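Keeping their order, the protein sequence lines are chains A and B. Heads up: the first sequence begins at -13 in the working numbering, then just goes up one per residue. Heads up: the second sequence begins at 5 in the working numbering, then just goes up one per residue. For reference, the structure is listed below as structure tokens.
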Amino acid sequence: MATNTTTAAPRKVSKFSAPPTKAGRSIERLGWVLILPTVLVVLGIAIYPLVESFRLSFTNYRSSRPDRWRYVGFDNYRDLFSDEVFHKALWNTIIFTVTSVAAETILGMIVALTIHSAFKGRGVVRTSMLVPWAIPTVVSSMLWGWMLNDSYGIVNKTLVGMGFDRFHKFSWVGDPGTALMSIVAVDVWKTTPFMALLLLAGLQVIPDDVYEASRVDGASKWQQFWQITLPLLKPALLVALVFRTLAAFRVFDIIFVMNSYNTSTISVSVYAHRELMNNQRIGYGSAIAVVIFLCIAFLVVLYTRMIKVEET
Amino acid sequence: MSREILIPNAVNKLVQDAMYGRASRRDLIKRGSALGLSGALMGSILRFSSVGAQSATPEAQAAGWSITKPAWLDVDLSGVELSAVLASDGVGAPFDQAVCDFFAEQTGATVNYIKGAESATDRLTYYTQTLNAEASDFDIFQVDVIWPGILKVHAQDLSAAADELAGDGANFFERILTNNRIGDTLVSIPMYTDAGCLYTRTDLLEKYGVAAPTTWAELETAAAAIAEGEVGEGNDAFVGFTFQAAAYEGLTCNALEWVYSNGGGTFIEADGTVSVNSDQAKAAIERAMGWVGGIAPSAVTTYKEEDSRGIWQGGNSAFHRNWPYVYGISAAADSDLQGKFSMGLLPKGDGDGADNAATLGGWNMMVSKYSKNVDAATVFAKYMCSAEVQKARSIERSLNPTIVEVYQDPDVLAANPYISELFPIFDGGSVARPSGVSADLYNEVSTAVFTTVNELLAGQQNDVSAALDDLAGQLEDIMQDV
Chain A
-13 MATNTTTAAP RKVSKFSAPP TKAGRSIERL GWVLILPTVL VVLGIAIYPL VESFRLSFTN
47 YRSSRPDRWR YVGFDNYRDL FSDEVFHKAL WNTIIFTVTS VAAETILGMI VALTIHSAFK
107 GRGVVRTSML VPWAIPTVVS SMLWGWMLND SYGIVNKTLV GMGFDRFHKF SWVGDPGTAL
167 MSIVAVDVWK TTPFMALLLL AGLQVIPDDV YEASRVDGAS KWQQFWQITL PLLKPALLVA
227 LVFRTLAAFR VFDIIFVMNS YNTSTISVSV YAHRELMNNQ RIGYGSAIAV VIFLCIAFLV
287 VLYTRMIKVE ET
Chain B
5 MSREILIPNA VNKLVQDAMY GRASRRDLIK RGSALGLSGA LMGSILRFSS VGAQSATPEA
65 QAAGWSITKP AWLDVDLSGV ELSAVLASDG VGAPFDQAVC DFFAEQTGAT VNYIKGAESA
125 TDRLTYYTQT LNAEASDFDI FQVDVIWPGI LKVHAQDLSA AADELAGDGA NFFERILTNN
185 RIGDTLVSIP MYTDAGCLYT RTDLLEKYGV AAPTTWAELE TAAAAIAEGE VGEGNDAFVG
245 FTFQAAAYEG LTCNALEWVY SNGGGTFIEA DGTVSVNSDQ AKAAIERAMG WVGGIAPSAV
305 TTYKEEDSRG IWQGGNSAFH RNWPYVYGIS AAADSDLQGK FSMGLLPKGD GDGADNAATL
365 GGWNMMVSKY SKNVDAATVF AKYMCSAEVQ KARSIERSLN PTIVEVYQDP DVLAANPYIS
425 ELFPIFDGGS VARPSGVSAD LYNEVSTAVF TTVNELLAGQ QNDVSAALDD LAGQLEDIMQ
485 DV
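Below you can see the structure in the form of structure tokens.
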């Protein structure tokens, strides 16, 4: 899911427009002709489905009744408001997003700082660090599902072997108290390398002489991190946060594979899938999809603002 | 379609091999489909081959297969073209192709075998889209046991066909037939079936001197005693009972068995009244809540069929609820369980009207109202569900027959010895999910049921009475939209 994140890169609005001469106008026309295919593709594959989702969210369309549907106004949204499973899904999604992104950022920062410093075998470490990120999410979800299995999973075997008897046949994903956090842990395991990679790229553009100057002034390593590294890393950090937050909010595969429609871990995307695919409620499912879209749009605007503030 | 592009020499060779009987029927089909030949062309090539093979099979049998001709199939359907949506493109396809070809051979009709989608949801979408447009793209199609309610408006009444088969000594199980009947209309004929059953470690019953349980209370006692003994002997992984309780359709099937076997009905009764919050239903779910973390592992709330079978197959479960497919795997030569277990009816509860219950699965044949050859299509459906074809389907594909008499057939018993143990389950114990009455909203009903029951079993909710009352309200809301 994380691979197809849309970028909300900051863009300076250019005041350029072609001079009002004949040549200028023809250049402008050529410009339009050249971007026309792109505009058509975007209209076809992004705008049309989006508009269609909005439209469907105001209907009671079901795929089993293609010729018996009508517009129902805001009924679907009103139902969502009082839908307990949707509330659970939204709450789970928020917890998942906040905890996984926070943990990935802190761990990613530690990993990035470590592999940024020069040590023997750095190349090998850098490459092997990326292995969890390279495994397809469905595969790593199943893998962890087995490792967390209550009776033959290696996690419980190890814990019991260390003397923690309460983990004998402990069901990590089945127990409502640990279910969501187990899934967050798997996501952190998988995505920390990606975070580290983005932060490493940010670290590498900080010039060495800044550190040298601070060393001359007698700054400690700790002061260097807070006064130099973190402020200069902020743009890269924000971009990484945008990527991760948007992807985490739409989380689907890891939850669906590890715990299907179980309400202790259901996310808004899994709930949309349940209503759209399993229950064939296209209208209601579209309303859920629209709410997800609005949440994501809100987050994008929020982050773009933060990045803009950063730039000025 | 790339089917137009043929390799002439390979096709000629195929036709020659067919005519001179140099290749078996199965080979011909395999080679023909590899060459991308159309169904019609394959049909005529295979008819050539049957000319060559005629002397070898005096009593009309499909060469290379155990499919024989039903005696009543002496009809001339020359010039009629039928399209049938059957098994998806997988292990079942060669058999269904052979069944279609044999029908074409015997009646002169042209049969186009359309491979259905592998996913049930996709298949249902295809059916509803085609049938809502009243299109005659297909005449006969196979439907899941929970679909008769959804598709009833498009179905041709098949009561007469089933009665004729019964008149010829092929009687369908009454409970399965009931599931296919809506009002007075038999919307589909049962093709093959499935039902939940209880697997028991008979060696451990003997070891601990416990009788085979017939009620849930007895099962609890037996499971606890065996598990205590086995864990005491050092097998930490051993548990008393495994089943499926993840939040999915399988839990609806399990819960239906607990509730119905306790006299608590089928969540929604045939007349549309919601019964999921009856006292017996509440008692049954409450009993199951007591199993989790007791005789059953607490992780059972995440188990689907294969997760639970893993524990049974490893020899770590005294009792196990699953579908008939587990029998073959457990009885296989390389299985540790060989000779140590039995398969039978699930226990009864002790509420009023307690009865054996095994949730019904399986597939049925439906004839489209919009077919241009309804009579010929009905003959085909009748043929697909006849004792002869069901016998072959059991032998070649291990799918369970829906006709009582097939269970006594020596060839079937020789191929699948366990089938005699399944008989009482289909005969007296099977119970259908409330799909007829909830029609196309059945999935919503099932989702509401498995969500609530899963929450209760996992301890996300503890008040069974309040939870099932709330569930009843949800089901009533859904039923208003039917």
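Cβ atoms here follow ideal geometry from the backbone N, Cα and C, with glycine treated the same way. Quick caveat: nothing in here was measured; it's all calculated off a predicted structure.
Annotated as proximal: K176 of chain A and S126 of chain A, with beta-carbon spacing under 8 Å.
Shown in chain order are the members of the segment 227 to 251 of chain A whose Cβ falls below 7 Å from a Cβ of chain B: N245, S246, Y247, N248, T249 and S250. Boundaries for K119 of chain B: no alpha helix (DSSP H) harbours it, while the beta strand (DSSP E) harbouring it runs T114 to G120, taken from the DSSP string. Excluding sequence positions up to five before and after Q65 of chain B, its CB lies within less than 8 Å of the CB of I71, T72 and K73, all in the same chain and listed in chain order. Looking at the DSSP output, R205 of chain B sits in a beta bridge with B:F345. Proximity to T455 of chain B across A:G59, A:F60 and A:E70 peaks at A:E70, based on C-alpha coordinates. In this model, F271 of chain B and P438 of chain B are separated by some 7 Å (Cα to Cα).
For P194 of chain B, the uninterrupted beta strand (DSSP E) run begins and ends at I193 to A199, by DSSP. For V71 of chain A, the C-beta contacts it makes with chain B under 9 Å involve T455, in order along the chain. Looking at the DSSP output, N326 of chain B bridges to B:C201. For the pair P179 of chain A and L116 of chain A, the CB atoms are nearer than the 8 Å cut-off.
Using a Cβ-Cβ cut-off of 8 Å, P152 of chain B does not count as an interface residue toward chain A, since no Cβ of chain A sits closer than that to its own.
Taking 4 residues as the shortest admissible run, the segment 225 to 304 of chain B contains the following complete alpha helix (DSSP H) segments, listed from N- to C-terminal end: 253 to 265 and 283 to 295.
For T177 of chain A, the uninterrupted alpha helix (DSSP H) run begins and ends at A165 to Q190, by DSSP. T219 of chain B carries a strand assignment under DSSP once its states are collapsed to helix, strand and coil. For G366 of chain B, there is no enclosing alpha helix (DSSP H); the residue is found in the beta strand (DSSP E) stretching over A362 to V371. Proximity of H102 of chain A to chain B, defined by a Cβ-Cβ separation below 8 Å, is not satisfied. By DSSP's assignment, R48 of chain A forms no beta bridge with any residue.
Beta-bridge partners of R185 of chain B (DSSP): B:L190. For S87 of chain B, there is no enclosing alpha helix (DSSP H); the enclosing beta strand (DSSP E) covers residues E85 to S92. The C-beta of Q464 of chain B has 16 or more other C-beta atoms within 10 Å across all chains shown, which makes the residue buried. Beyond the five residues adjoining it in sequence on each side, Y131 of chain B comes within less than 7 Å, by CB distance, of F145 and L155 in the same chain, given in chain order.
As DSSP reads the structure, D467 of chain B sits in no beta bridge. With its beta carbon less than 8 Å from one in chain A, Q464 of chain B belongs to the interface.
Only R48, S49, S50, R51, P52 and D53 from the segment 33 to 59 of chain A bring a Cβ to less than 8 Å from some Cβ of chain B. Identification of residues in the segment 438 to 455 of chain B having a C-beta nearer than 7 Å to some C-beta of chain A yields D444, N447, E448, T451 and T455, given in sequence order.
Under the DSSP assignment, F145 of chain B falls in the beta strand (DSSP E) whose first and last residues are I144 to D148. In chain order, T270, D359, A361 and V435 place their CB closer than 8 Å to the CB of Y264 of chain B, counting only its own chain and leaving out the 5 sequence neighbours on each side. At a cut-off of 8 Å between C-beta atoms, T306 of chain B counts as an interface residue with respect to chain A. Closest option to L223 of chain A, judged by alpha-carbon separation, among A:M128, A:A182, A:D161 and A:G149: A:A182. Note: T72 of chain B is bridge-paired with B:Q65 in the DSSP secondary-structure output. Here DSSP, grouped into helix, strand and coil, assigns S398 of chain B to helix. A distance below 8 Å separates the beta carbons of L349 of chain B and I429 of chain B. By the Cβ-count criterion, Y329 of chain B is exposed, with fewer than 16 other Cβ atoms from all chains shown falling within 10 Å of its own Cβ. If you keep only unbroken alpha helix (DSSP H) runs of at least 4 residues inside the segment 36 to 84 of chain A, you get 61 to 67. In the structure shown, I33 of chain A adopts helical secondary structure according to DSSP, grouped into three states.
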